[in-house]
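A.B. asks: The sequence shown maps to residues 293 to 880 in this note's numbering. Note that beta-carbon positions come from the ideal geometry of N, C-alpha and C, so glycine has one too.
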Amino acid sequence: MRNRIVLLLFVLVVATFLTVGCTQPQTAMQTPQPTTAISTPVPTISTPIQTTVAPPPVTIAVVATPTIVANMTVTNSTVTPKPLTTVATKPLPTTFDYSIYSSDSSAPVPTPPDPLLVKTDAGYVSGKQENGLRVYLGVPFAAPPTGDLRWRPPEPAQPWVGVKETKAFCKACPQPPNASPELETSEDCLYLNVWTPAHDPGEKLPVMVFFYGGAFGKIAGEISTYNGTALAKKGVIVVTTNYRVGALGFLAHPELDNESANNVSGNYGLLDQLETLQWVQRNIGAFGGDPSRVTIFGQSAGGESILIHHVSPQSKGLFSQAIVESGTFWTKGAEIDALNSKADAEKLGVGFARSLGYSSPGAIGEMRKLSYQEIANATPWPASPFQMVNSRHFEPTIDGWVIPDSPDTLFGLHREYPIPLMIGHNADDGTTLAADANMTVPEYRSFIRDRFGAEAESVLLKYPATSTAEVQLRLEQIMTDYDFADAAKYVAGSMSELEPKTYLYRYSYVIPGQPYGAFHGSECFLLFGWTTDVKADPVVAANIVDLWTRFAKTGNPNGGMNVTWPPYTKAGDQYLDINTASMVRTGY
293 MRNRIVLLLF VLVVATFLTV GCTQPQTAMQ TPQPTTAIST PVPTISTPIQ
343 TTVAPPPVTI AVVATPTIVA NMTVTNSTVT PKPLTTVATK PLPTTFDYSI
393 YSSDSSAPVP TPPDPLLVKT DAGYVSGKQE NGLRVYLGVP FAAPPTGDLR
443 WRPPEPAQPW VGVKETKAFC KACPQPPNAS PELETSEDCL YLNVWTPAHD
493 PGEKLPVMVF FYGGAFGKIA GEISTYNGTA LAKKGVIVVT TNYRVGALGF
543 LAHPELDNES ANNVSGNYGL LDQLETLQWV QRNIGAFGGD PSRVTIFGQS
593 AGGESILIHH VSPQSKGLFS QAIVESGTFW TKGAEIDALN SKADAEKLGV
643 GFARSLGYSS PGAIGEMRKL SYQEIANATP WPASPFQMVN SRHFEPTIDG
693 WVIPDSPDTL FGLHREYPIP LMIGHNADDG TTLAADANMT VPEYRSFIRD
743 RFGAEAESVL LKYPATSTAE VQLRLEQIMT DYDFADAAKY VAGSMSELEP
793 KTYLYRYSYV IPGQPYGAFH GSECFLLFGW TTDVKADPVV AANIVDLWTR
843 FAKTGNPNGG MNVTWPPYTK AGDQYLDINT ASMVRTGY
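1) Taking DSSP's pairing of strands, which residues face Gly415 in a bridge?
2) Which residue from Val694, Pro688, Asp825, Ala675 puts its Cα closest to that of Asn730?
3) So the beta strand (DSSP E) Gly513 belongs to, where does it begin and stop?
4) Flag Ala593 as yes if its beta-carbon sits less than 9 Å from any beta-carbon of chain D, otherwise no.
5) Three or more C-beta pairs closer than 8 Å, one from the region 438-447 and one from the region 612-632: is that the case here?
6) Is the beta carbon of Pro257 less than 9 Å from the beta carbon of Cys481?
7) Taking Gly538 as part of the alpha helix (DSSP H), name the residues at either end of that continuous run.
8) Please classify Pro326: does DSSP put it in a helix, a strand, or coil?
9) Check Ala435 in the structure and name its three-state DSSP category.
10) Applying the criterion that 16 or more other CB atoms from any shown protein chain within 10 Å of the CB defines a buried residue, is Glu708 buried or exposed?
11) Spell out the partners DSSP gives Gln866 in its beta bridges.
12) Just mark Ala746 as buried or exposed, buried being the case when its beta carbon has 16 or more other beta carbons within 10 Å.
13) Could you name the residues of the same chain whose beta carbon sits closer than 7 Å to that of Tyr664, not counting the 5 residues immediately before and after it, in chain order?
14) Can the beta-carbon of Tyr795 be found closer than 9 Å to that of Trp857?
15) Grab the span of the alpha helix (DSSP H) containing Met714 for me, first residue to last.
16) How should Asp720 be labelled, buried or exposed, when 16 other C-beta atoms within 10 angstroms of its C-beta is the threshold for buried?
17) Out of Asn575, Ile715, Ala784, which one is the CA nearest neighbour of Phe703?
18) Check whether the region 683-701 touches the region 513-524, counting contact only when three or more Cβ pairs, one atom from each stretch, lie closer than 8 Å.
19) How would you call Asn554, buried or exposed, if buried means at least 16 neighbouring beta carbons within 10 angstroms?
20) Name the one or two DSSP bridge partners that Leu497 has.
21) List the whole-angstrom C-beta distance separating Val876 from Trp693, where the pair is believed to meet the contact cut-off of C-beta under 8 Å.
22) Taking just the CA atoms, how far does Ala414 sit from Ala779?
23) Count the other CB atoms, across all protein chains shown, that sit within 10 Å of the CB of Pro792; report buried if there are 16 or more and exposed otherwise.
24) Any chance you could list the beta strand (DSSP E) runs of at least 3 consecutive residues sitting entirely within the region 590-654, in chain order?
25) Are the Cβ atoms of Glu495 and Gly419 separated by less than 9 Å?
26) Could you please give the first and the last residue of the uninterrupted beta strand (DSSP E) stretch that includes Glu277?
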């Protein structure tokens, strides 16, 4: 029953596109009294206290009620991956006195050092050993964005003394309560998580940094569901991170423009992502990673974030490769508008302030006095996934600074960073994202004419509908084809003219026992190791983990499967169809 519920809930969470302050316990610093001078340098990798904090149970919101068939079966696959070399785990000492450490790099260091202790630029952190990996959960990468720091770019994390235990996920950033009713949130949420197979900082392993989806208004699932174990066991370091969402992450307002040296506002969630990438550049070497080999990857809104970073001047030099999973892209899409203009974003922000009772000068100052719950509770979140993605809401703004112009325009002008790229979408992205449109046939025709203009009649001929049920089906197909497939193909075509290591895919594997096909975000079940919950084909899961990690290592996903995935070109139009029997196809 639990397995069915986990899949059921996550399907619908992805359809709508862990402590307060996350203060980990610290060991008080004591001044060491060595009898002999010790010249050993401060270690960057270091022995566990014997405590194991398991990640909290997954809490996911229910938006609708699909039915998952029981007794799902494992599908046999003809695709056999070649195993990647994994990193052996060295036995670790069982106890260690952390009190002899301090944040002062000149302080004496004992021998042998604790292999679970790592020094970041803000202080020492201690993680845990799990599944042959060293894991650090709830590492501060920025100061809490509370009080006067609300609606400002993230400030650096405040340094601490002693050792901060980072063994538990932090709470999620605030979001509308009806988006994820049971999810624990806190405005003090700017923390990240690291899974590393490295034993030594000199290993310089490739790094993968993940951004979650959720329409920029929530987190799809919760941060603990994006567990980096399956990926990290293939020899890469995995980083997942929180970023602000909804009104607290993307509110634009003229008063905020006036506070900014760049005359901009909104996009605070994107700035959190940038702060994460800067933290990685400064600190990942201490965890055994190579800051020059950073692959950013994301799903849904996280995928759109990757595309934005591709064209943002603020992101230059912070990553070397990218993977985009079902990322929206078009400023004015068929059913999804991926970004707001500055004027529209500020109009939305002024209206939101007015809804809270603040319309006079000084509105932002008064709104900073409100609790984060009051802000989140006032943020609209429609019950219908279709209405959510199709309505104006808090999301990235073309502000001229973080986002200098619309990404579709900039890719058309070849202004993206020419780096290895893997991009694709799921064969049935629209089945859950366009759910519950509740549109009549006349309303459907009017909607298509409004969205497509001169092309409307040809679209109606291609996607005819004579009943409400058929309208629902057509809306799902149009969203999949235009908002996701066409966007992925357009980006791949542009990048392929600048960077030969460009790969296009379609994920068409259907998890058994559910009616939504290869739905939006379903690849995450396999990528983050949830196959036990849903009885997904373990070979398909191994293949997708293999493809993603090989790409992160070399910029080329090939070498593990018995299929060669060719780079994408406009002329060849070849892509990899990922399924039980993955194969190269043409005609995306």
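C.D. replies: Inspection of the coordinates gives the following:
1) Translated into the one-based positions of the sequence shown, residue 415 becomes position 123. Looking at the DSSP assignment, Gly415 forms a beta bridge with Thr412.
2) The residue labelled residue 730 in the question sits at position 438 within the sequence shown. The residue with the shortest Cα to Cα distance from Asn730 is Ala675.
3) Stepping through the sequence shown from its first residue, residue 513 is reached at position 221. Here Gly513 belongs to no beta strand (DSSP E), and DSSP marks it neither H nor E.
4) Protein chain content of the structure displayed is limited to a single chain, and chain D is not contained in it.
5) Too few Cβ pairs lie closer than 8 Å, so no.
6) Absent from the structure is residue 257, since the part of the chain shown begins at 293 and ends at 880.
7) Working through the sequence shown from its first residue, we reach residue 538 at position 246. Note, Gly538: alpha helix (DSSP H), 538-542.
8) Start at 1 with the first residue of the sequence shown, and residue 326 comes out as number 34. Note that Pro326 scores 37 on pLDDT, short of 50, meaning its location in the model is unreliable; the coordinates nonetheless yield the value given after this. The answer is coil: DSSP assigns Pro326 none of H, G, I, E or B.
9) Within the sequence shown, residue 435 is the residue found at index 143, counting from 1. Correct three-state label for Ala435: coil.
10) Here the question's residue 708 lines up with position 416 in the sequence shown. Classification of Glu708: buried, given that the 10 Å Cβ count is 16 or more.
11) As a working mapping, residue 866 is identified with position 574 in the sequence shown. Gln866 pairs with Thr878.
12) The residue labelled residue 746 in the question sits at position 454 within the sequence shown. Of the residues assessed, Ala746 falls on the exposed side of the cut-off, its CB having fewer than 16 other CB atoms within 10 angstroms.
13) Here residue 664 is taken as the residue at index 372 of the sequence shown, counted from 1. Correct list, in chain order: Pro466, Glu479, Leu540.
14) Residue mapping note: residue 795 aligns to position 503 of the sequence shown, counting from 1. Residue mapping note: residue 857 aligns to position 565 of the sequence shown, counting from 1. The answer is yes: Cβ separation under 9 Å.
15) As a working note, residue 714 is residue 422 in the sequence shown. No alpha helix (DSSP H) holds Met714; the beta strand (DSSP E) holding it covers 713-718.
16) Here residue 720 corresponds to residue number 428 of the sequence shown, with the count starting at 1. Classification for Asp720: buried.
17) Position 411 of the sequence shown, counted from the start, is the residue given in the question as residue 703. Nearest C-alpha to Phe703: Ala784.
18) no
19) As a working note, residue 554 is residue 262 in the sequence shown. Classification for Asn554: exposed.
20) The residue you call residue 497 lines up with position 205 of the sequence shown. BP columns for Leu497 point to Gly581.
21) Here residue 876 refers to the residue found at position 584 of the sequence shown. Here residue 693 refers to the residue found at position 401 of the sequence shown. Contact flag wrong, Cβ pair sits at about 41 Å.
22) The residue given as residue 779 occupies position 487 in the sequence shown. The residue given as residue 414 occupies position 122 in the sequence shown. Approximately 40 Å between the Cα atoms of the pair.
23) Position 500 of the sequence shown, counted from the first residue, corresponds to residue 792. Under this definition Pro792 is an exposed residue.
24) 613-617
25) Within the sequence shown, numbered from 1, the residue matching residue 495 stands at position 203. Within the sequence shown, numbered from 1, the residue matching residue 419 stands at position 127. Cβ atoms of Glu495 and Gly419: not closer than 9 Å.
26) A query on residue 277 cannot be resolved here, the shown segment of the chain reaching from 293 to 880 and no further.
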